[in-house]
Structures are given as structure tokens and as C-alpha cells.
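One gets this note's numbering by counting positions in the sequence shown from 1 and adding 5 to each.
Quick reminder that beta carbons are idealized off the backbone N, C-alpha and C, glycines included.
Bear in mind that the values here come from a model prediction, so they are computed numbers and not experimental data.
Only one structure is covered here, and it is reproduced in the block below.
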Amino acid sequence: EIEIAEFMSFDELINSIINNKCEMGVIAIENSIAGSIIPNYALIDNSNLKITGEHYININHQLMALPGSKIKDLDVVASHPMALLQCKEFFRKHSNITLVEDKDTAEVAYRIQRDKIKNIGAIASVEASNIYELEIISENIQTIKNNETRFVIISKNALKNDSKNNKASLKFVLSHKTGTLAAILEILKDCNLNLTKIQSLPIVEIPWKYSFFVDTTFHSLDNLNKALGLMEEKSESLKVLGIYQNKIK
Numbered sequence: 006e007i008e009i010a011e012f013m014s015f016d017e018l019i020n021s022i023i024n025n026k027c028e029m030g031v032i033a034i035e036n037s038i039a040g041s042i043i044p045n046y047a048l049i050d051n052s053n054l055k056i057t058g059e060h061y062i063n064i065n066h067q068l069m070a071l072p073g074s075k076i077k078d079l080d081v082v083a084s085h086p087m088a089l090l091q092c093k094e095f096f097r098k099h100s101n102i103t104l105v106e107d108k109d110t111a112e113v114a115y116r117i118q119r120d121k122i123k124n125i126g127a128i129a130s131v132e133a134s135n136i137y138e139l140e141i142i143s144e145n146i147q148t149i150k151n152n153e154t155r156f157v158i159i160s161k162n163a164l165k166n167d168s169k170n171n172k173a174s175l176k177f178v179l180s181h182k183t184g185t186l187a188a189i190l191e192i193l194k195d196c197n198l199n200l201t202k203i204q205s206l207p208i209v210e211i212p213w214k215y216s217f218f219v220d221t222t223f224h225s226l227d228n229l230n231k232a233l234g235l236m237e238e239k240s241e242s243l244k245v246l247g248i249y250q251n252k253i254k
């Protein structure tokens, strides 16, 4: 039997795994509208946890409030920063509403119901509206209707070798020399690896120096290992964050 634990921050989630309170965690890493969730790349890297899987969820945002409320009754709408960003265009038409960032979408819905707050709306899921008995004022208010968030599964231990594993998440650091990044990309091509994501992240200890996080799919573990060997020669450092099954649609 699996016990599910909720956390109000990504830091708490990471610490629960490090301190052996949880065996695995599920953490958002990027959204098809808002892009990469940059701090979570650093959290996974700095914690030395391993990515063991991924999952894509279609995200639909609903504007909700106490039953009987109308959008003209709302002075404030509160939600997670990502949800607010993904619904930016909707609120351009309602400039009288103040947008307030909060830790969690469902938590706002819960507080509205608990405290019977009349002038505040929440952006959350249909499930949240049902659980907390709130009325949906406006449906699917995200700017782009085909809105997906990618989550990765993290654990202290890497997955064992499995022929079904066909995706790798890597981090590398390069010297500031002409063509170093191009050389890495050439290695991926020559080893028949497909680059599906590349993200740079500042190295905070060294101003204007960056690490690169990449996701790549492969058909052969031998090809991946060959690429890793060649990349190590070209990089100042190379780290495998995880090897797992590709779930992209």
C-alpha cells in the first residue's frame, strides 16, 4: 500500500526524500506555456536525487468562488504563480481584479470555503471546486487550451538498467571556448541521440558561467554510454541526473 504525503513547497518535498520520510517524490519541472520551472532544476541537482520517471498532465484552470458569486464581485484572485501566469490573458479583460501569488492552487480554494470569503476567487481544478464546494465562475481560463505540465519522479536511487529506459537527463558544464556547446550537440547527433530539451542555469558561485541541463532520448543504451564517454572528455563536469522511460506524447 502506498501512502501519499502532501507538501506546501518543493523544498519540503526534496527534504522529505533526503531525510527518508518519503521514498519518492513527484515534482513539476516545466510547463508547455510558462516554460521551465528553473528553481526545481537546481533543487534536484543540489540534492543529488535521481530522476526515475516522468509524467505529463493536461492542466485546465477554473476560476471559482463561493456559490452565488459573480466575477464582478471579486476584488482579488489568488493562486500559484504558474497558474496566474498561464491565465494572464483572461485577466487582462478584468483589470479591476488584483492578482495575488500563493503557495498552492487548492489551498486557496480551501481557505475561501473555510473562511467564507466573498470577494476572493481561486484558480484551481474542477476537482478542487467539487471538494471545497465552490462554484466555477469561468471555465478553462488558461491562455492556451492545450496546456500541459511535465512532472518528474525523483528518488535517492537511480533505476536499474532496463531495456525500456530510453530517456536520459544530464547536466554538464563547459569551458568558455568557441564551439564547446556545438561539440556536445555534435556528439549527441553522431551517437544517434535526440535532444528533446536544453536549459541553461547560472552557476551562482561564478558570475556569467552556466551549467546546461539536457534531456535526450535514445534507442540503444550502448549509444548513450558512448555519448557520455565523449561528452565527459569535452566537459568540465558531467552528471547523469537520471535514465528512465520517455513518456512524451
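Taking the CB atoms as reference points, tell me whether L89 and I117 lie closer together than 9 Å.
-> In this structure, I117 does not lie closer than 9 Å to L89 by Cβ.
Grab me the residues of E35's own chain with a C-beta within less than 7 Å of its C-beta, minus the 5 sequence neighbours each way, in chain order.
-> Excluding residues within five positions, the ones whose Cβ falls inside 7 Å are S41, I42, R155.
Quick one: using the 10 Å Cβ neighbour count with 16 as the cut-off for buried, is V209 buried or exposed?
-> Per the 10 Å Cβ criterion, exposed.
Sort N20, N25, Y46, D16 by Cα distance to V157 and report the nearest one.
-> Ranking the options by Cα distance to V157, first place goes to Y46.
For A232, which residues from the same chain have a beta carbon less than 7 Å from its beta carbon, with the 5 sequence-adjacent residues on both sides left out?
-> I192, L193, C196, L198, listed in sequence order.
Where G184 sits in the DSSP three-state scheme = Residue state, collapsed to three classes: coil.
Can you list, in chain order, the residues of its chain whose CB lies under 6 Å from that of D80, leaving out five sequence neighbours each side?
-> Residues N124 of the same chain have their beta carbon placed closer than 6 Å to that of D80, with the five preceding and five following residues left out of the count.
Taking the Cβ atom as the reference point for each residue, do N166 and L226 lie within a distance shorter than 9 Å?
-> Contact flag set, yes.
Candidates G126, N101, E94, F95: which alpha carbon is nearest D107's?
-> Of the listed residues, the one whose Cα sits closest to D107 is G126.
Residue from A114, H99, I142, S143 with nearest C-alpha to A133 = Comparing Cα positions, the closest option is A114.
Using 10 angstroms around the beta-carbon of N51, count the other beta-carbons present and answer buried if the total reaches 16, otherwise exposed.
-> N51 should be labelled exposed.
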